[in-house]
Ligand SMILES: [Zn+2]
Ligand SMILES: [Zn+2]
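In this note's numbering, the protein residues as written are 8 to 307.
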């Protein structure tokens, strides 16, 4: 691991003269070998320079990153604090870097001809993630994280991006007065007007709202969306085994809600009934949209 050697001391010498910290110096060669932090790589480079009669030491103030690595702990704490406020099995941390620093960085790569440089953002993501991991105690997930905390490194602000939850189920529609999904008012498009009595919709409620409103409340989510097979006529009932649907809840602060309780509460409605609720993935939205109805009773 420590046998990495810098293969271009002329770039290293020119870079060191720019007054870079060890992180920023090492990062200029960040893609030329793995298994080592840029910090350590920077120290190795400086050692080689010194051994070759080019004295170099870490400056008090890095001219590129302004010593951003000194406050990584604060970024990690802020990210952990935000993530711990919500339920998730896993997480990912991302950063927003000051665009001025990014521009300076790219100009430096060009000037030095550094072809194996790693962006500051990549190092920050990784190093903040490492520090936050023990504070959060959940798994890091790169592909489908349930929550992404984006740290704005200018202000140590954190914004959360929470992945939606998807619930599969079947419904029966027992009323000829309600649509399957929310139907915004044609006139005001949802703002509320005289025609819709200010509710912004053509109908008081819908199959979607009967279950969606309960699910949003239970999951402390933001909005609900119902995915089903096409549109059905309002005056058609849906009896028999019911119609499959996928309910999507955006921004849920609680993911592992009790689906039995959701079913029980939604089924207090006289207008629609729900059954077979289970958690599913985004992929099933496509399946349910394409699905052929197995047994559809249209009673007119
Ligand atoms: Zn630096
Ligand atoms: Zn209206």
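Idealized CB from N, CA, C, for every residue including glycine. The structure presented is a predicted model; accordingly, all values stated were derived computationally and were not measured.
What's the call for residue 124, buried or exposed, on a 16-neighbour Cβ count within 10 Å?
Locating residue 124 in the chain shown gives position 117, counting from the first residue. Classification for residue 124: buried.
Is residue 202 near ligand 2, judged by its Cβ being under 7 Å from some heavy atom?
Within the chain shown, numbered from 1, the residue matching residue 202 stands at position 195. Within the cutoff, so yes.
For residue 293, does the three-state DSSP call read helix, strand or coil?
Indexing the chain shown from 1 puts residue 293 at position 286. Of the three classes helix, strand and coil, the one that applies to residue 293 here is helix, per DSSP.
Where residue 194 and residue 184 are concerned, what is the direct C-alpha to C-alpha distance, given to the nearest angstrom?
As a working mapping, residue 194 is identified with position 187 in the chain shown. As a working mapping, residue 184 is identified with position 177 in the chain shown. Answer to the nearest angstrom: the Cα atoms are 20 Å apart.
Cutting at 8 Å between CB atoms, please list the residues of its own chain near residue 277, excluding the five before and the five after it.
Reading the chain shown from its first residue, position 270 is the one you call residue 277. Around residue 277: 181 and 182.
Taking residue 85 as the reference, give the member of 296, 73, 100 and 74 with the closest Cα.
Position 78 of the chain shown holds residue 85. Among 296, 73, 100 and 74, the Cα nearest to that of residue 85 is on 100.
As assigned by DSSP and simplified to three states, the class of residue 209:
Counting from one through the chain shown, the residue named residue 209 turns up at place 202. DSSP places residue 209 in coil when its eight states are reduced to three.
Please tell me whether residue 252 and residue 295 are closer than 8 Å, where the distance is taken between their beta carbons.
Here the question's residue 252 lines up with position 245 in the chain shown. Here the question's residue 295 lines up with position 288 in the chain shown. It is a contact, given that the beta carbons lie within the stated cut-off.
Around ligand 1, which residues pass a check of Cβ closer than 7 Å to any of its heavy atoms?
27, 28, 30, 31, 69, 71, 72, 74, 75 and 76
Does ligand 2 have a heavy atom nearer than 7 Å to the CB of residue 115?
Here residue 115 is taken as the residue at index 108 of the chain shown, counted from 1. Not so, every heavy atom of ligand 2 lies at least 7 Å from the Cβ.
List the residues that DSSP assigns as beta-bridge partners of residue 167.
Against the chain shown, residue 167 aligns to sequence position 160. Note: residue 167 sits in a beta bridge opposite 156.
Inter-residue spacing [alpha-carbon to alpha-carbon] between residue 154 and residue 147
Numbered from 1 along the chain shown, position 147 holds the residue referred to as residue 154. Numbered from 1 along the chain shown, position 140 holds the residue referred to as residue 147. Going from the Cα of residue 154 to the Cα of residue 147 covers about 10 Å.
Hey, how far is the Cα of residue 3 from the Cα of residue 214?
The structure shown does not extend to residue 3, since the chain is modelled only from 8 through 307, so no value can be given for it.
Quick one: give me the first and last residue of the beta strand (DSSP E) that residue 279 is part of.
For the purposes of this step, residue 279 is taken as residue 272 along the chain shown, with counting starting at 1. Taken as a continuous stretch (DSSP letters only), the beta strand (DSSP E) holding residue 279 covers 279 to 287.
Please tell me whether residue 258 and residue 216 are closer than 8 Å, where the distance is taken between their beta carbons.
Locating residue 258 in the chain shown gives position 251, counting from the first residue. Locating residue 216 in the chain shown gives position 209, counting from the first residue. Going by C-beta atoms, residue 258 is not nearer than 8 Å to residue 216.
Exposed or buried, residue 102, counting other C-beta atoms within 10 Å across all chains shown (16 or more means buried)?
Working through the chain shown from its first residue, we reach residue 102 at position 95. By the 10 Å Cβ count, residue 102 comes out buried.
Starting from residue 223, follow the alpha helix (DSSP H) in both directions and report where the run begins and ends.
The sequence position of residue 223 within the chain shown is 216, counting from 1. Unbroken alpha helix (DSSP H) run through residue 223: 214 to 226.
Whole angstroms is fine: what's the gap from residue 112's alpha carbon to residue 98's?
Along the chain shown, one-based indexing puts residue 112 at 105. Along the chain shown, one-based indexing puts residue 98 at 91. Each residue's Cα considered, the two are about 28 Å apart.
Leaving out the 5 sequence neighbours to the left and right, which residues in its chain are closer than 7 Å to residue 149 when beta-carbon positions are compared?
Here the question's residue 149 lines up with position 142 in the chain shown. Excluding residues within five positions, the ones whose Cβ falls inside 7 Å are 99.
Flag residue 89 as yes if its beta-carbon sits less than 8 Å from any beta-carbon of chain C, otherwise no.
Looking for chain C here will not work: only one protein chain is present.
Helix, strand or coil at residue 121 according to DSSP, with G and I counted as helix
Looking up residue 121 in the chain shown gives position 114. Residue state, collapsed to three classes: coil.
Which of helix, strand or coil does DSSP assign to residue 146?
On the chain shown, residue 146 is found 139 positions in, with the first residue counted as 1. Strand, per DSSP.
Anyone know if the C-beta pair for residue 35 and residue 119 falls short of 8 Å?
Sequence index remark: in the chain shown, residue 35 carries index 28 (1-based). Sequence index remark: in the chain shown, residue 119 carries index 112 (1-based). For residue 35 and residue 119, yes; Cβs fall inside 8 Å.
How would you label residue 290, buried or exposed, when you count the other beta carbons within 10 angstroms and need 16 or more for buried?
Working through the chain shown from its first residue, we reach residue 290 at position 283. The residue in question, residue 290, is exposed, as its Cβ has fewer than 16 Cβ neighbours within 10 Å.
Could you check whether the Cβ of residue 249 sits closer than 7 Å to any heavy atom belonging to ligand 2?
Residue numbering aside, residue 249 sits at position 242 when the chain shown is read from its first letter. Not under cutoff, so the answer is no.
Check residue 179 in the structure and name its three-state DSSP category.
Locating residue 179 in the chain shown gives position 172, where the first residue counts as 1. Of the three classes helix, strand and coil, the one that applies to residue 179 here is strand, per DSSP.
Taking the DSSP output, what are the residues bridged to residue 141?
Mapped onto the chain shown, residue 141 falls at position 134. Looking at the DSSP assignment, residue 141 forms no beta bridge with any residue, so it has no partner.
Looking at the secondary structure, which residues open and close the alpha helix (DSSP H) in which residue 235 lies?
Against the chain shown, residue 235 aligns to sequence position 228. That residue, residue 235, is in no alpha helix (DSSP H); its beta strand (DSSP E) goes 231 to 235.
Would DSSP call residue 252 helix, strand or coil?
Taking the chain shown and counting its residues from 1, one reaches residue 252 at position 245. Note: residue 252 maps to strand in three-state DSSP.
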